[in-house]
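Student:
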Amino acid sequence: MRVLSPAKINLHLRVGPKQLDGFHPLVTWMVTVGLFDTLDFSLDTAGRVGLSCSDPSLPVDDRNLVVRAARLLQAEAARTSGGESSISGPVAGEPGVRIELLKVIPTGGGLGGGSSNAAVTLIALNELWGLNLPRQRLSELAAGIGSDVPFFLGGPSGICPSTICSSAICTGRGEVVSRVDSPSATWVVLMLPDMSMPTPAVYRQFDQMPFSPGWNEAIGWSQQCPPAEELLRLLRNDLEPSAFAISPELGRLRKTAETLVSRPVRMSGSGSSLFTLFSDREVAEKAAFLIHSQLALRTMTVPIAVISNLQK
Ligand code: C5P
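Dropping the structure here:
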């Protein structure tokens with residue numbers, strides 16, 4: 004079974020003060036974008052979970068969210084069939100899997116690659132192992148893996164069983180998912196600085212910075228979602244000042260890119276990826292080329308809100 008695993012961007016990200024559990028309450032609008040990792044799944048009848056990855060710098064043990072997702076599902080399968088949990092190792096007769104991960108989405112870029120990989124692993128193995136777990140249960144397992152993982156599952160009611168969510172408002176610590184329409188005909192220019200931003204450090208920095216109230220106000224419009232150029236002016240990311248305090252270079256890149264393309268440039272998640280939006284693909288591609296040539300930044304022009312079906 005081969006599955007495409009899309010990246011996400013946070014179009015809008017508002018962050019509230021840290022809660023007792025150490026997490027921050029969020030209001031974020033996440034959409035998938037047309038940048039994909041690929042995962043290949045094949046059954047292992049000896050009950051093993053094995054991962055190989057095209058990027059040798061990534062761990063392929065329990066530190067990888069793909070392995071965590073597979074093991075959680077394996078334990079769930081054992082529980083629902085009345086067996087013992089196998090979270091610590093292979094048990095004969097249990098479903099196993101060999102996973103090959105072709106990595107394209109940059110890591111540490113705020114593009115949710117690891118979370119997306121974990122979500123598609125839950126969906127694919129639910130099908131490959133014939134578990135028929137409801138989306139509600141997959142969403143609960145997803146939330147235990149990471150705050151961004153439930154988004155890709157599209158919430159407890161799910162979409163159709165093998166589809167990835169493409170646009171949702173997420174609240175709580177990110178795990179409460181309400182699907183919404185995506186902005187139509189929008190092209191995203193992604194700017195991918197060659198730096199990795201550690202999410203916990205960005206949130207720690209956020210706790211040291213002056214807090215801006217109104218984080219839980221809804222963004223909205225009376226009728227239809229406005230076109231890309233207007234929409235951009237309504238969007239913000241409360242983690243930008245914290246990320247730019249950690250990396251002033253990233254802040255400078257954002258400002259210069261904004262001047263170059265004469266429109267707002269936002270950061271995705273906790274960074275380091277930056278993005279801007281266009282209604283017209285050709286104009287987007289020209290802007291991407293300008294940013295690439297003037298700022299020596301890797302850029303990509305990709306469609307917004309792609310849906311990935313499982314491919315077999
Ligand atoms: O849930 P996830 O593993 O992606 O979170 C990584 C880290 O980001 C957490 O350990 C926490 O420090 C921070 N975080 C947060 N509030 C959130 C989401 C993440 O403080 N809503």
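The opening residue of the sequence shown carries number 4 in the working numbering; numbering runs sequentially from there. Note that CB positions come from ideal geometry on N, CA and C, so glycine has one too. For clarity, every value in this text was computed on a predicted model and none was experimentally measured.
Should Gln77 go down as buried or exposed, given a rule of 16 or more other Cβ atoms within 10 Å for buried?
Tutor: When all chains shown are included, Gln77 counts as buried.
Student: Are the CB atoms of Ser273 and Leu242 within a distance shorter than 8 Å?
Tutor: Yes, the Cβ-Cβ distance between Leu242 and Ser273 is below 8 Å.
Student: The alpha helix (DSSP H) with Pro251 in it runs from where to where?
Tutor: 251 to 264 is the span of the alpha helix (DSSP H), which, as asked, contains Pro251.
Student: Along the chain, where does the beta strand (DSSP E) that runs through Asp197 open and close?
Tutor: Unbroken run through Asp197: none, as it is neither H nor E.
Student: Indicate the three-state DSSP secondary structure (helix, strand or coil) for Ser169 in the structure shown.
Tutor: In the structure shown, Ser169 sits in coil (DSSP, three-state: anything other than H, G, I, E or B).
Student: Where Asp40 and Leu7 are concerned, what is the direct C-alpha to C-alpha distance, given to the nearest angstrom?
Tutor: Looking at the two C-alpha atoms, the distance is approximately 6 Å.
Student: Roughly how many angstroms lie between the CA atoms of Glu232 and Phe281, to the nearest whole one?
Tutor: Going from the Cα of Glu232 to the Cα of Phe281 covers about 6 Å.
Student: Is the separation between the beta-carbon of Pro201 and that of Leu256 shorter than 8 Å?
Tutor: No, the Cβ-Cβ distance between Pro201 and Leu256 is not below 8 Å.
Student: Let me know the secondary structure DSSP gives Ala299 once reduced to three states.
Tutor: Of the three classes helix, strand and coil, the one that applies to Ala299 here is coil, per DSSP.
Student: Just to confirm my understanding: we take Thr31, look at its own chain, exclude 5 residues before and 5 after, and list those with CB closer than 6 Å. What are they?
Tutor: So the list reads Asn13, Leu16, Cys173, once near-sequence residues are dropped.
Student: When the Cα of Gly223 is compared with those of Leu234, Lys106, Phe214, Gly217, which residue comes out closest?
Tutor: Among Leu234, Lys106, Phe214, Gly217, the Cα nearest to that of Gly223 is on Leu234.
Student: Out of Phe278, Arg266, Val309, point me to the one whose CA is closest to Arg301's CA.
Tutor: Measuring from the Cα of Arg301, the nearest candidate turns out to be Phe278.
Student: Would DSSP call Arg101 helix, strand or coil?
Tutor: The answer is strand: DSSP assigns Arg101 an E or B state.
Student: Taking DSSP as the reference, what is the three-state secondary structure of Thr36?
Tutor: The question names Thr, yet the displayed sequence has Val at residue 36. Here Val36 sits in strand by DSSP.
Student: How close, in whole Å, do the beta carbons of Leu114 and Arg138 come, if the pair is a contact with beta carbons under 8 Å?
Tutor: The pair is not a contact, with the Cβ atoms about 24 Å apart (cut-off 8 Å).
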